[in-house]
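Participant: Just dropping this structure here.
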Amino acid sequence: MSDNNMTSLMRLPNDSPLPDVIALCWRSDIISLSKTNRRLRAIVREAMITMRRKQLGLLEHWFFIFVNLSEWCAYDPYNRAWHNVPLMPELPCNWILSDRQIMCVGSELLTCAESPVDTMYKFQALTGRWSLVAGMTTQPAYGHAWAVHEDKIFAAGGYDADKKSLPSAHIYDSETGLWSQIPPMTHARICCKGAFINGKFYVVGGKLSYYDTLQTTIAEVYDPNSKTWSMIQDFLTEEMATNSYAITVVNKEMYHANPSSCGKVHKYIPSNGEWIYIRRFPWEPLLKSEAYHMAAYRPVRDQPFEHLVLMLWRQEKSEHKMYVEK
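Residue 700 is where the sequence shown starts when you use my numbering, and the numbers rise one by one after that.
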């Protein structure tokens, strides 16, 4: 944002629709605006900005990457820019991220705190601030499945600090900032993947206990309307189950993209419960270095809706590649 545009914003009267103007800005510009003066900082910290952006359909998918204990960063694929992310406050010296989930909803990131066990760290992307908030009733420390539907996070499974697998499940409401417990799954499981399609929460793959060596092919599905769980036997093939983390949801459809199977991409068809082969993605770079990480997203702002973007990045070289497929 130029200095002239910033000056124009500052000259707007107090009764002007300034929140509506700020809501139209890029997320990176909103962060810069919040550092300008108290008035703009107070506006950005209000829930009004987030609400207006939702009403206008302004979504920006950023990639938040944990590099090490002293470095977090975020990549903005729309402006092709990297941003530093502040560290969590009072981070324990023995804190590690292995199997620890970072959940995202709206402009918030949440991850389990080390102590006390019923608290979480929350990062607000629009303000660039971390805070300690209330966590789940029965909180997994690591390896739980989660998925987002509208303004809510659905979470299930995982294991605690004693490596005990958990069947518990919760819902987080980003509007109230509170977690509520829902009926537990039929079986406990860990290191599983969550997905939300067709109005239901799928918990896929993973292991039934910490010491299991085999990955399960069974999925459990939660129906928020009936508040019940059901099981789907052989939801994944054995080959797909070895990498259930490769599941993602794009445009309300579930995909499995596995680099270990030469980049095969499959799409799940709920009507008949089958996976159909779509195509291969450019998997060759993953063979050259295991340091590559992969993510997929559906562009929303200033990019065609029908495109699926696959991004690979290598942290130690700040290198990234982006592929777009129709």
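Idealized CB from N, CA, C, for every residue including glycine.
Predicted model only: the values in this text are computed from it and were never measured.
Given a threshold of 16 other Cβ atoms within 10 Å of its Cβ, counted over all protein chains shown, does residue 957 qualify as buried or as exposed?
Facilitator: Its Cβ being crowded by 16 or more others within 10 Å, residue 957 is buried.
Participant: Can you give the Cα-Cα distance for residue 962 and residue 979, rounded to whole angstroms?
Facilitator: So the alpha carbons of these two residues sit roughly 5 Å apart.
Participant: Out of 737, 743 and 736, which has the shortest C-alpha to C-alpha gap to residue 722?
Facilitator: For the residues 737, 743 and 736, the minimum Cα distance to residue 722 belongs to 743.
Participant: How about residue 904 and residue 935: do their beta carbons lie closer than 8 Å?
Facilitator: Yes, the pair counts as a contact, with Cβ atoms nearer than the cut-off.
Participant: Is residue 998 helix, strand or coil when you go by DSSP?
Facilitator: Because residue 998 carries a pLDDT of 43, less than 50, the predicted location of this residue cannot be relied on, and the following value inherits that uncertainty. Here residue 998 sits in coil by DSSP.
Participant: Quick one: using the 10 Å Cβ neighbour count with 16 as the cut-off for buried, is residue 1031 buried or exposed?
Facilitator: This structure does not reach residue 1031, given that the chain is present from 700 up to 1025, and the question cannot be answered.
Participant: Within the continuous beta strand (DSSP E) that includes residue 939, where are the two ends?
Facilitator: That residue, residue 939, is in no beta strand (DSSP E); its alpha helix (DSSP H) goes 937-940.
Participant: Which ranges does the beta strand (DSSP E) cover as unbroken runs of at least 3 residues, wholly within the segment 812-888, from first to last along the chain?
Facilitator: For the segment 812-888, whole beta strand (DSSP E) runs of length 3 or above, ordered along the chain, are 818-823, 828-833, 844-848, 851-855, 868-872 and 877-881.
Participant: Have a look at residue 716 and residue 732 and give me their C-alpha separation to the nearest angstrom.
Facilitator: Between residue 716 and residue 732, the C-alpha separation is close to 15 Å.
Participant: Quick check on residue 970: does DSSP put it in helix, strand or coil?
Facilitator: Looking at residue 970 - three-state DSSP - the assignment turns out to be coil, as it is neither helix nor strand.
Participant: Would you identify the three-state DSSP class for residue 912, choosing helix, strand or coil?
Facilitator: DSSP places residue 912 in coil when its eight states are reduced to three.
Participant: From residue 964 to residue 955, what distance separates their C-alpha atoms?
Facilitator: Roughly 6 Å between the two C-alpha positions.
Participant: Between residue 783 and the rest of its own chain, which residues show a CB-CB distance below 7 Å, the 5 nearest in sequence each way excluded?
Facilitator: Hits under 7 Å: 772.
Participant: Can you tell me where the beta strand (DSSP E) with residue 931 in it begins and where it stops?
Facilitator: Its beta strand (DSSP E) spans residues 927-931.
Participant: Mapping the DSSP letters down to three states, classify residue 646 as helix, strand or coil.
Facilitator: Because the chain here runs from 700 to 1025, residue 646 falls outside it and cannot be looked at.
Participant: When we look at the beta-carbon of residue 913 and count the other beta-carbons within 10 Å, is it buried (16 or more) or exposed?
Facilitator: The residue in question, residue 913, is exposed, as its Cβ has fewer than 16 Cβ neighbours within 10 Å.
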